[in-house]
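In this note's numbering, the protein residues as written are 1 to 55. Even for Gly, the Cβ is constructed at its ideal location relative to N, Cα and C. Report on the structure given below.
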Amino acid sequence: MSTQRIQAIIKVLKPLNTYSPKTANAVKRFQSIYGLTADGIYGPKTKVKLEILMK
């Protein structure tokens, strides 16, 4: 997943705290790829992983 895609996901998630099924599926795919529980929830573990990848 590209940094650009990750940043786009974060922009959607931060202001709304809710998101479409398409975004939830993207979050699930991200979680699955990086060994996280693929529940589609932008929780602390997902947030940390995204932040690490963006560095």
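- Taking the Cα of T23 as reference, the smallest distance to any Cα among I6, M54 and L36 is reached at I6.
- Excluding five sequence positions before and after S32, the CB atoms of its chain that fall closer than 8 angstroms to its own CB belong to A38, given in chain order.
- For T23, the enclosing alpha helix (DSSP H) begins and ends at P21 to I33.
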